[in-house]
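Enquirer:
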Amino acid sequence: MATQPIIKLHDGNLMPQLGLGVWQASIEETQLAVSKALEVGYRSIDTAAIYKNEEGVGKALKAANIARDEIFITTKLWNDSQRNPQQALEESLEKLQLDYVDLYLIHWPDPTQDNYVSAWRELAVLKKQGLIRSIGVCNFNIPHLQRLIDETGVAPTVNQIELHPLLQQRQIHAWNATHHIATESWSPLAQGGKGVFDNPVIHQLAQKYHKTPAQIVIRWHLDCGLIVIPKSVTPARIRENFEVFDFKLHKDELTAISKLDSGKRLGPDPDVFGSDS
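Residue numbers (the numbering used here): 1 to 277.
1. In whole angstroms, what separates the C-alpha of Pro230 from that of Ser118?
2. DSSP has Ile106 in a bridge; who is on the other side?
3. Could you check the C-alpha separation between Ala33 and Ile73 for me, to the nearest Å?
4. Please list the terminal residues of the continuous beta strand (DSSP E) segment that includes Lys208.
5. Mind reading off the beta-carbon distance from Asp261 to Gln168? Whole number of angstroms is fine, and I expect it under 8 Å.
6. Note down, in chain order, each residue of its chain lying with its Cβ closer than 7 Å to the Cβ of Pro16, except the 5 sequence neighbours on either side.
7. The beta strand (DSSP E) with Thr183 in it runs from where to where?
8. Grab me the residues of Val217's own chain with a C-beta within less than 6 Å of its C-beta, minus the 5 sequence neighbours each way, in chain order.
9. Among residues of its own chain, excluding the 5 on either side of Gln191, which ones have a beta-carbon nearer than 8 Å to its beta-carbon?
10. How would you write the range of the alpha helix (DSSP H) that Pro16 sits in, first residue to last?
11. Please identify the residue among Ser134, Ala60, Leu226 and Asp252 whose C-alpha is closest to the C-alpha of Tyr104.
12. Helix or strand or just coil, what does DSSP make of Glu162?
13. With a 10 Å radius around its C-beta and 16 neighbouring C-beta atoms as the bar for buried, classify Ala60 as buried or exposed.
14. Please confirm whether Ile227 and Glu184 have their CB atoms less than 8 Å apart.
15. Can you give me the C-alpha to C-alpha distance between Gln86 and Gly263, rounded to a whole angstrom?
16. Grab me the residues of Lys62's own chain with a C-beta within less than 6 Å of its C-beta, minus the 5 sequence neighbours each way, in chain order.
17. Do you know offhand how far Lys76's Cα is from His107's?
Listed below in structure tokens is the structure:
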């Protein structure tokens with residue numbers, strides 16, 4: 001099994017730098033994908049209440065016969081549950097068949113509802129109760145993060161944001177780093193979209209290293225210090241996405257990929273997305 005890099009979060013907990021995402025997968029697809037991922041060597045799985053597939057993750061974990069402390073499980077608090085995080089977390093734990101999650105994220109700030117600060121305080125309490133090991137956020141822009149820290153004194157361990165070669169979010173990534181917040185990339189392959197896999201820079205690097213375009217992009221995330229969770233339900237791709245620890249990109253190659261940044265957002269804008277969207 002390849003030796004995979006581990007990130008130390010600011011609360012001292014350890015998180016694998018590469019994990020499997022299961023967005024837009026059914027319960028059955030998720031169970032099969034997670035089982036395959038664990039077999040290949042993944043030890044981090046990223047799900048969410050709104051994905052409605054936590055049961056699939058739970059079934060795969062139960063069947064895997066891997067020690068609980070060797071697996072890192074992330075799930076997320078959905079917008080309409082921000083007023084009652086404890087109930088939402090307990091429902092997630094039941095579906096996951098777990099006593100705790102390693103990382104619990106507020107999925108969106110949902111600023112129009114303006115419940116994210118109170119929800120964050122509740123997550124800190126649930127962490128003290130042992131139901132969560134680390135707490136973090138998703139899709140938080142700098143003003144959202146600053147407000148959390150100013151009003152609660154507690155900084156997230158992780159900020160999971162849309163991040164890929166077409167949307168590199170350098171300002172947020174740098175701000176996170178300054179505040180010891182790990183940056184995690186969702187949609188890291190830009191949904192395999194135009195401008196990434198078919199880009200000459202990515203194509204040439206794939207040829208040079210005898211890798212696929214997806215492997216080049218995943219390696220770019222790793223070499224930029226990002227946590228990355230590519231999604232797949234295809235066994236061959238799940239394996240392929242994990243076979244990225246036998247090479248590294250050079251500084252000039254990272255620079256070449258950095259020039260692909262066009263600010264192209266594929267998902268919603270965190271400043272406006274929420275329960276009313």
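Think of the CB as a built atom: it goes at the ideal place given N, C-alpha and C, for glycine as much as any other residue. Bear in mind the structure is a predicted one, so any value in this text is a computation, not a measurement.
Expert: This is what the structure gives:
1. As a working note, residue 230 is residue 230 in the sequence shown. As a working note, residue 118 is residue 118 in the sequence shown. Their Cα atoms are separated by approximately 31 Å.
2. Along the sequence shown, read from residue 1 onward, the residue named residue 106 stands at position 106. Answer is Leu77 and Val137.
3. Translated into positions along the sequence shown, residue 33 becomes position 33. Translated into positions along the sequence shown, residue 73 becomes position 73. Rounded to whole angstroms, Ala33 to Ile73 spans 14 Å at the Cα level.
4. As a position in the sequence shown, residue 208 is number 208, starting the count at 1. Segment Pro200 to Tyr209 is the alpha helix (DSSP H) holding Lys208; no beta strand (DSSP E) there.
5. Looking up residue 261 in the sequence shown gives position 261. Looking up residue 168 in the sequence shown gives position 168. Contact holds; Cβ gap of about 4 Å.
6. Against the sequence shown, residue 16 aligns to sequence position 16. If we look at Pro16 and ignore the five residues flanking it on each side, its Cβ neighbours are Gln4, Ile6, Arg43, Ser44 and Phe72.
7. Counting from 1 along the sequence shown, the entry for residue 183 is found at position 183. Thr183 -> beta strand (DSSP E) spans Ala182 to Trp186.
8. Sequence index remark: in the sequence shown, residue 217 carries index 217 (1-based). Once the five neighbours on either side are set aside, the close Cβ partners of Val217 are Leu189.
9. The sequence position of residue 191 within the sequence shown is 191, counting from 1. Closer than 8 Å at the Cβ level, and outside the excluded window around Gln191, lie Leu266.
10. Along the sequence shown, one-based indexing puts residue 16 at 16. It is not in any alpha helix (DSSP H) - Pro16 instead sits in the beta strand (DSSP E) that spans Leu14 to Pro16.
11. Start at 1 with the first residue of the sequence shown, and residue 104 comes out as number 104. Cα-wise, what sits closest to Tyr104 is Ser134.
12. In the sequence shown, residue 162 corresponds to position 162, counting from 1. Here Glu162 sits in strand by DSSP.
13. Taking the sequence shown and counting its residues from 1, the one referred to as residue 60 is at position 60. So Ala60 counts as buried.
14. The residue given as residue 227 occupies position 227 in the sequence shown. The residue given as residue 184 occupies position 184 in the sequence shown. Contact: yes.
15. If you number the sequence shown from 1, residue 86 lands on position 86. If you number the sequence shown from 1, residue 263 lands on position 263. Between Gln86 and Gly263, the C-alpha separation is close to 36 Å.
16. Start at 1 with the first residue of the sequence shown, and residue 62 comes out as number 62. So the list reads Gln97, once near-sequence residues are dropped.
17. Translated into the one-based positions of the sequence shown, residue 76 becomes position 76. Translated into the one-based positions of the sequence shown, residue 107 becomes position 107. Pairing Lys76 with His107, the inter-Cα distance amounts to about 5 Å.
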